[in-house]
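Input: a single structure, listed below in C-alpha cells.
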C-alpha cells in the first residue's frame, strides 16, 4: 500500500550541497575560520566572510509600508508594474517579440513550470550533462526522461552534442524542450558567444519544421556577468526564432538583488506569434494559481522601486561586487592554469569547476575535506564557489588543491 501516487519517484532526496555546507560549518566551529576553506556556498559573500545583502535593495525593502509587504499581490501572475520592470530589465531592448511575464517564486518557479507543463509524462527533456542538479529532480518528479548533451568540445560549446541530444529526443516525441543555462553557467562559469547562440537558434529553427520547440534560457546569474549590459545582447538573436519556437527566460531576483530568501522571479515568454505566447501564458498562470497562488508582494514592490528610483545607485553597488568576483576568479583561474589544475572553460560567474571522472572526483572530494577544503561534487567535476571566498582565501588555493589532487592519483 502507498499513500502517494504510484507514478511518483519515491527515492529519498540527497542534497549534496546542503550536506557539505553543514560539514564545512562544523569544521569552522571546530578548527576556526582561518583553517577552513568553505567553497561550497552558492551565494555571494563579501571580504568580511558575510553574506552580501545590497544596501540599495534592503533600504528600499525596509522603507516599504508594512501593509505593502503584508498584502497579496495585485494578481496571482504578479503585479503589473513588476512584470513591466522585469521585462525591461532582462531584455534591455534586445528583443521585440510578442511577450508575457508571469511572476514566480524565484527563477526556480519559472524553470519548474516550464519543465512541468511543456512536456507530457514519459517524454524527454534535453539537459546539459554538467548542470544544476534540480533540473534532473524536476524531470523525475514529472515522470520525464532526460537526454543530455556534453557542454564542451575542447574550450567551446559542443554544438554537435547539443544537436545529437535534440535529435534523439525528437525521434520519440512531437515536442522538443531544451534547457540552456547561460550566461554564467552553473557550475562551469561558461558563457556562450553570440556566434554560438546564433548557431543554436538556427538549429532549433530547423527542428521546428517538424516539432514544436521550447527553449528554456535560465539566466539566474546574468546580472553578475563581467560583460554587464553587453551580456544581454545575445537575446536579440531570439528575434530570429521561427513561428514554431517559444523561448522562456527564467529570471531570478535571488542573485540579481541578493534576495535569495525572498523567493521572487519571473518567467518571460517570447514568441513570434501572439497565439503561441498566449497558449503558454494561460497554462503558466493556471499553474501559478494552483501551485503558489501569490508571489511576495514586498519583493516585487522593492524591485520596482529600485528600478524606478535607485537604479544608478544599485548598479554602482552591484558592480563593486562584480569586480570583486572577477578579481577572485581571475586569481583562481590564473593560478590553476599555472599549476596545471584542470578545469572546464571558465569565462565569468560564481563558480569554477574542476574537470575529472566521477571515480577520481569521489576520492579527491574526500581528500580535500581531510585538508579542510570543502567543495561540491557535480557530474565529472568538483565545483569551487569563488563567489563565497575572500581574495585571501583564493590566493594559493589552486596550488593546494593541485597538490592534493596529485596525491590521490
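Residue numbers (the UniProt record's numbering): 1 to 409. Just so it is clear, CB atoms sit at the ideal spot from N, CA and C, and this is done for glycine as well. None of the values given here were measured: they were computed from a predicted structure.
Is residue i buried or exposed, if buried means 16 or more other CB atoms sit within 10 Å of its CB?
i: residue 124; result: buried
i: residue 56; result: buried
i: residue 10; result: exposed
i: residue 172; result: exposed
i: residue 419; result: This structure cannot settle anything about residue 419, because the visible part of the chain is limited to 1 through 409.
i: residue 411; result: The chain is shown from 1 up to 409; residue 411 falls before or after that span and cannot be answered.
i: residue 26; result: exposed
i: residue 3; result: exposed
i: residue 305; result: buried
i: residue 301; result: buried
i: residue 1; result: exposed
i: residue 112; result: buried
i: residue 409; result: exposed
i: residue 407; result: exposed
i: residue 180; result: buried
i: residue 328; result: buried
By how many angstroms is the C-alpha of residue j removed from the C-alpha of residue i?
i: residue 400; j: residue 368; result: 9 angstroms
i: residue 40; j: residue 384; result: 7 angstroms
i: residue 263; j: residue 217; result: 19 angstroms
i: residue 142; j: residue 78; result: 25 angstroms
i: residue 158; j: residue 148; result: 12 angstroms
i: residue 184; j: residue 350; result: 7 angstroms
i: residue 21; j: residue 161; result: 33 angstroms
i: residue 207; j: residue 386; result: 38 angstroms
i: residue 363; j: residue 357; result: 10 angstroms
i: residue 164; j: residue 151; result: 12 angstroms
i: residue 352; j: residue 67; result: 42 angstroms
i: residue 342; j: residue 156; result: 15 angstroms
i: residue 45; j: residue 396; result: 19 angstroms
i: residue 19; j: residue 381; result: 17 angstroms
Measure how close the beta-carbons of residue i and residue j come, nearest whole angstrom, since I'm counting them as under 8 angstroms.
i: residue 269; j: residue 286; result: Between residue 286 and residue 269 the Cβ distance is about 14 angstroms, and since that is not below 8 angstroms, they are no contact.
i: residue 250; j: residue 110; result: 4 angstroms
i: residue 267; j: residue 108; result: Not a contact, Cβ separation roughly 11 angstroms.
i: residue 191; j: residue 347; result: 5 angstroms
i: residue 374; j: residue 38; result: 5 angstroms
i: residue 229; j: residue 98; result: Not a contact, Cβ separation roughly 24 angstroms.
i: residue 322; j: residue 47; result: With 8 angstroms as the limit, residue 322 and residue 47 do not qualify as a contact, their Cβ atoms being about 14 angstroms apart.
i: residue 247; j: residue 238; result: 5 angstroms
i: residue 52; j: residue 258; result: 5 angstroms
Look up residue i in the DSSP assignment and give the residues it is bridged to.
i: residue 128; result: 149
i: residue 373; result: 37
i: residue 246; result: 214, 271
i: residue 353; result: 383
i: residue 252; result: 265
i: residue 416; result: The requested residue 416 does not occur in the structure, where the chain is confined to residues 1 to 409.
i: residue 156; result: 153
i: residue 343; result: 354
i: residue 176; result: 213
i: residue 98; result: 271
- [ ] Evaluate the contact criterion for the stretch 51-67 versus the stretch 305-325: three or more CB pairs, one atom per stretch, below 8 angstroms.
- [x] Yes, they touch.
Open item on the list: If contact is defined by three or more beta carbon pairs under 8 angstroms, each pair taking one atom from either stretch, is the stretch 334-341 in contact with the stretch 289-305?
Closed with: Cβ pair count under 8 angstroms is below three, so no.
Open item on the list: Does the stretch 307-315 come into contact with the stretch 62-80, if we say contact requires no fewer than three beta-carbon pairs (one atom in each stretch) closer than 8 angstroms?
Closed with: Contact between the stretch 307-315 and the stretch 62-80 is absent, because fewer than three Cβ pairs lie under 8 angstroms.
Open item on the list: Three Cβ pairs or more, each shorter than 8 angstroms: is that satisfied between the stretch 204-215 and the stretch 58-72?
Closed with: Flag = no, the stretch 204-215 and the stretch 58-72 do not touch.
Open item on the list: Using 8 angstroms as the cut-off, can you tell me whether the stretch 218-228 makes contact with the stretch 163-177, which would need three or more C-beta pairs spanning the two stretches below that distance?
Closed with: At 8 angstroms Cβ cutoff, the stretches do not touch.
Task: Validate contact between the stretch 192-206 and the stretch 223-240 using beta carbons, cut 8 angstroms, 3 pairs - done: Counting Cβ pairs under 8 angstroms, three or more are found: they touch.
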